[in-house]
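Asks: Just dropping this structure here.
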Amino acid sequence: MPLTNIEIPSRLPLYTQTEAVVFPYMLFPLYISEKEVVTFREADKYEKYAVLDFERPDDPKSELSAGRCDIGTLCRVNQIKKLDDGRYKVSLEGVTRVRILDTEPSPPITLAHCEIVREFVEKNLVSEALVQSLNALLKIALSHGKPLPDDVMKMIDYIDNPARLSDLVALYVNLPNVDLQELLETVDPLERLKKVYVHLTNEVQRMQVKNEVAGEVTKRVGKNQKEYILREQMKHIQEELGDEDPRSSDLNDLRKKIEEAGLPEDIKKIADKELKRLERINQASPEYNVSRTYLDYLAGMPWNTSTTDTLDMVRSEEILNEDHYNLKKVKERILEFLAVRSLKDNMKGPVLCFVGPPGVGKTSLGKSIARSLGRKFVRISLGGVRDEAEIRGHRRTYIGALPGRIIKELYRCGANNPIFMLDEIDKLGNDFRGDPASALLEVLDPEQNFSFNDHYLDVAFDLSKVMFITTANQLDPIPGPLKDRMEVIRLAGYSSQEKLQIAKSFIIRRELEENGLTDRGLTFSDEALEKVISDYTREAGVRGLQRTVASICRKVAKEITQQKDLRSHITPEAVAELLGPKKFYNEVAAENDRIGVVTGLAWTETGGDILFIEVTSMPGKAELILTGSLGDVMKESARAALSYIQAHADEFGIQPDAFENRTIHIHVPSGAIPKDGPSAGVTMVTALVSLLTGKPARRSVAMTGEITLTGRVLAIGGLKEKVLAAHRAGVSTIVAPERNRDDLEDIPENVRADLEFIFVNEAAQALSVAL
Ligand SMILES: Nc1ncnc2c1ncn2[C@@H]1O[C@H](COP(=O)(O)OP(=O)(O)OP(=O)(O)O)[C@@H](O)[C@H]1O
Ligand SMILES: [Mg+2]
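Numbering (numbering that gives the first Met the number 0), first residue to last: 0 to 770.
Laid out in structure tokens, this is it:
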């Protein structure tokens with residue numbers, strides 16, 4: 000079916016441009032200059048026809064060649080009108096596609112020789128289906144808000160000719176000119192219809208996405224708007240009701256707090272500045288809380304707040320004695336401090352360091368010192384602290400930043416002169432997050448700590464009024480510079496006698512109260528307590544004793560509630576009945592004397608202990624085997640002991656061939672516990688000589704002392720702990736270095752009375768005692 004059956008002149012004015020592609024049946028205004036309008040004026044001579052052609056721009060990505068296109072549009076020139084601005088408006092009406100065969104200049108215009116492109120459409124199922132689909136798609140596009148004039152819609156409903164339909168729809172798909180020209184050049188109507196369908200589908204998809212995004216945005220905007228309106232309404236309601244805006248009341252509180260805190264002038268300035276800043280911050284922003292918390296700390300720190308010391312020496316001494324038995328040295332040191340304090344008002348706080356085994360009362364002493372001075376007590380445990388920021392805080396620029404623990408505790412305690420206990424200072428860790436020990440240096444140095452700088456607070460705080468007390472089980476792990484700033488006070492373990500006293504005067508009273516037995520008149524016999532101390536506990540401190548007494552009290556309480564026979568007096572038999580079989584045995588008394596086994600004394604973190612050094616020999620290479628988790632120092636002292644004996648073999652009555660082809664093995668149980676230190680030297684010499692001479696060593700003789708290669712005995716540390724351990728274990732004689740004789744003073748009288756002490760200068764002297 001031929002669509003276009005008009006006749007046209009063989010030559011027509013040609014207008015080539017880059018602005019537009021015109022389709023048949025399309026009305027199109029062209030705005031051009033005076034010079035260009037000539038082409039259309041000439042149209043009068045050609046039955047009002049002109050040919051409009053598109054010049055394809057240069058596009059490296061496109062396969063199509065740039066320049067004038069072969070297919071153009073035959074247009075009827077309906078009107079030419081001069082506009083006010085000097086341009087011309089040319090109204091064109093697209094008529095049909097033409098193929099431009101040739102051009103020739105005919106100044107001032109160009110003429111084109113063209114032929115009409117005749118389009119044939121066969122109506123069949125495919126074309127019908129395509130027309131229907133396109134129609135449906137158009138409706139969808141419309142529903143997504145595609146602007147299509149009503150009459151176009153109506154027209155589309157009527158048109159069932161694919162050629163016309165495709166041209167009409169092409170006009171309404173937003174396509175660049177290049178694509179429009181391509182559609183113009185697609186002369187097969189069905190082919191063109193398919194292309195238009197694809198373009199329209201793409202556009203519909205684009206519109207869908209656009210609508211979804213737009214929907215999301217409006218939803219969000221809507222929510223914010225709603226919140227805003229609600230908030231405004233709430234403000235209004237609050238005003239009506241006479242309620243205050245919570246934000247302004249919050250700020251007022253804060254302002255009042257800052258005013259009343261009596262801050263030093265420079266701090267006040269900083270606080271005021273921060274408060275001004277806070278007023279400008281939106282309350283909902285996280286910044287608000289950061290700033291508010293900071294101001295809280297600033298205003299709440301005890302800049303000038305101190306408690307008044309009770310400077311009553313007599314009363315203070317009474318309090319110290321009320322809480323703790325003995326511990327003379329510590330109590331004396333506290334009273335000295337009090338004495339100086341009463342003479343000098345602004346004395347710097349000393350830093351005491353209590354070192355001793357667990358359960359000897361280090362922590363509880365701190366509390367009682369605070370009580371006797373009438374100061375507040377603050378305690379932090381440094382065990383496992385690895386991060387410097389725990390001491391010194393985080394800079395406020397970090398999210399969730401807080402002050403370090405020193406400042407935090409002072410804030411909480413509300414006074415700038417508490418007793419501040421830094422517990423377990425020997426358990427400080429350090430890793431990539433910095434070294435907390437070096438942060439503590441500043442805290443504990445009286446020369447520096449009047450201006451302690453916490454990263455969070457960012458202004459110096461004066462710590463010089465604080466009295467720091469640190470505690471540790473061992474002195475060795477504490478870094479040297481830190482140790483240097485502290486006054487070390489050693490608390491050795493307690494003897495059985497002392498423990499008995501502590502139990503009688505403190506523990507029992509405390510535990511009866513804890514377990515609701517105060518009014519029951521329950522009493523403990525001394526023998527019962529002694530049994531608890533020797534058979535159910537083995538420790539330097541009294542924590543185990545306290546636990547065991549507590550256990551007895553609980554069992555008695557249980558019996559009372561069960562209405563069994565009411566116990567009012569705890570005897571050794573009652574202890575056995577309540578606690579079951581004893582937990583510890585006297586290793587020394589229980590065993591016979593043996594060859595090559597000697598009792599030694601060791602000093603450990605948990606106080607003193609006894610250990611047995613065992614030596615044996617067997618045929619083999621001449622070598623020395625050492626086992627029992629021994630440290631390097633201990634191994635070396637074993638070698639020294641062996642060399643000394645080899646060198647003096649004849650003096651000890653050892654056969655010269657005793658070392659030939661024999662392997663000597665020294666073992667120190669318990670094998671799993673690491674041991675180190677030089678103080679087992681004398682013990683090893685004795686064990687070796689006992690083995691090599693075949694004389695059994697007396698088990699009840701315990702010895703300690705470092706030896707030199709020439710057999711001299713050097714001083715050792717921790718004699719008190721060692722002696723107490725020996726006493727607990729039932730040793731009768733102690734061999735110790737002559738140079739430790741002065742340490743005897745520290746050992747309780749009753750322990751000294753039970754033991755025989757032999758002080759030696761030479762290893763040989765020890766041998767004569769033990770073998
Ligand atoms: N001399 C004493 N007089 C009265 N009670 C004591 C005495 N020594 C220790 N105690 C009591 O023993 C218990 C344990 O003491 P504390 O907790 O102070 O031990 P510690 O030395 O801090 O041990 P650790 O090193 O394990 O922290 C406390 O209840 C304490 O009151
Ligand atoms: Mg403690």
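Note that the Cβ used here is the ideal one computed from N, Cα and C, for glycine as well.
It should be emphasised that the depicted structure is a prediction, and the values quoted were computed from it without experimental measurement.
Mind the definition here: the stretch 78-91 touches the stretch 31-47 only if three or more C-beta pairs lie below 8 Å; say whether that holds.
Replies: They touch, by the three-pair rule.
Asks: Please report the residue range of the alpha helix (DSSP H) in which Lys80 lies.
Replies: Per DSSP, Lys80 belongs to no alpha helix (DSSP H); it is in the beta strand (DSSP E), Ile70 to Lys81.
Asks: Going by C-alpha to C-alpha distance, which of Asp534, Ala471, Tyr455 and Ser367 sits closest to Asp425?
Replies: Ala471
Asks: Under a three-way DSSP split, which group does Leu167 fall into?
Replies: helix
Asks: Am I right that Thr15 and Asp52 are in contact with their C-beta atoms under 8 Å? What's the rounded C-beta distance?
Replies: 5 Å
Asks: Quick check for students: name the residue ranges of the beta strand (DSSP E) that lie wholly in the stretch 459-488, counting only runs of 3 or more.
Replies: 466-471
Asks: Short of 8 Å in beta carbon distance, which residues of its chain neighbour Val120, apart from the five on each side in sequence? Order them along the chain.
Replies: Met0, Leu2, Ser126, Asn160, Pro161, Ala162, Pro188 and Leu189
Asks: Using beta-carbon positions only, say whether Ile532 and Leu544 come within less than 8 Å of one another.
Replies: yes
Asks: How long is the line joining the alpha carbons of Thr547 and Val541, rounded to whole angstroms?
Replies: Counting only the Cα atoms, Val541 lies some 10 Å from Thr547.
Asks: Under the three-state reduction of DSSP, which class applies to Glu6: helix, strand or coil?
Replies: Annotated three-state conformation of Glu6 is coil, per DSSP.
Asks: Who are Tyr30's beta bridge partners in DSSP?
Replies: Lys88
Asks: State the DSSP-derived secondary structure class of Ile706, mapped to helix, strand or coil.
Replies: strand
Asks: Following the continuous alpha helix (DSSP H) through Phe651, name the residue where it begins and the one where it ends.
Replies: Ala648 to Phe651
Asks: Just the C-alpha distance for Asp745 and Lys719, rounded to the nearest angstrom, thanks.
Replies: 7 Å
Asks: In whole angstroms, give me the CA-to-CA distance for Pro571 and Val759.
Replies: 40 Å
Asks: On the DSSP bridge list, what partners appear for Asn452?
Replies: Per the DSSP secondary-structure output, Asn452 pairs in a beta bridge with Ala459.
Asks: Sorry if obvious, but does the Cβ on Asp322 come closer than 7 Å to a heavy atom of ligand 2?
Replies: In this structure, the C-beta of Asp322 stays at least 7 Å away from each heavy atom of ligand 2.
Asks: Here's a check: name, in chain order, each residue in its chain whose Cβ is nearer than 7 Å to the Cβ of Ser165, leaving out the five neighbours to either side.
Replies: Pro188, Arg191, Leu192 and Val195
Asks: Helix, strand or coil for Asp101? Go by DSSP, reduced to three states.
Replies: Residue state for Asp101 is assigned as strand, using DSSP reduced to three classes.
Asks: Measure the alpha-carbon distance for Ile5 versus Asn176 and round it to whole angstroms.
Replies: 27 Å
Asks: Assuming Ala573 contacts Leu516 under a Cβ cut-off of 8 Å, what Cβ separation, rounded to an integer in Å, is found between them?
Replies: Incorrect: roughly 14 Å between the Cβ atoms, too far for contact.
Asks: I need the boundaries of the alpha helix (DSSP H) containing Glu215, first residue and last residue.
Replies: Pro188 to Leu240
Asks: Take Thr109 and list the residues in its own chain whose beta-carbon comes closer than 6 Å to its own, dropping the five residues that flank it on each side.
Replies: Leu13 and Thr102
Asks: Within the stretch 570-626, note down every full beta strand (DSSP E) run reaching 3 residues or more, in order along the chain.
Replies: 596-603, 606-618 and 622-626
Asks: Looking at C-beta atoms only, is the number of pairs between the stretch 481-493 and the stretch 350-359 that lie closer than 8 Å three or more?
Replies: yes
Asks: For the beta strand (DSSP E) that contains Met420, what are its first and last residues?
Replies: Ile418 to Asp422
Asks: Whose CB is closer than 6 Å to a heavy atom of ligand 2? List the residues in chain order.
Replies: Lys361, Thr362, Asp422 and Thr470
Asks: Ser165 CB to nearest chain B CB: under 8 Å?
Replies: No chain B is present in this structure, which holds just one protein chain.
Asks: Mind checking who Ile115 pairs with in its DSSP beta bridge?
Replies: Val97
Asks: Using only alpha-carbon positions, find the residue among Thr598, Phe583, Arg519 and Ile609 that is nearest to Leu565.
Replies: Arg519
Asks: Hey, how far is the Cα of Ala436 from the Cα of Thr598?
Replies: 39 Å
Asks: What residue from Ala725, Gln224, Leu690 and Ala735 has the CA that sits closest to Leu713's CA?
Replies: Ala735
Asks: I'd like to check one pair, Thr685 with Ala752: are the Cβ atoms closer than 8 Å?
Replies: No, Cβ-Cβ distance for Ala752 and Thr685 is not below 8 Å.
Asks: Using the Cα positions of Asn281 and Thr292, report the straight-line distance between them to the nearest angstrom.
Replies: Answer to the nearest angstrom: the Cα atoms are 15 Å apart.
Asks: Identify whether Gln16 lies in helix, strand or coil by the three-state DSSP scheme.
Replies: Gln16 carries a strand assignment under DSSP once its states are collapsed to helix, strand and coil.
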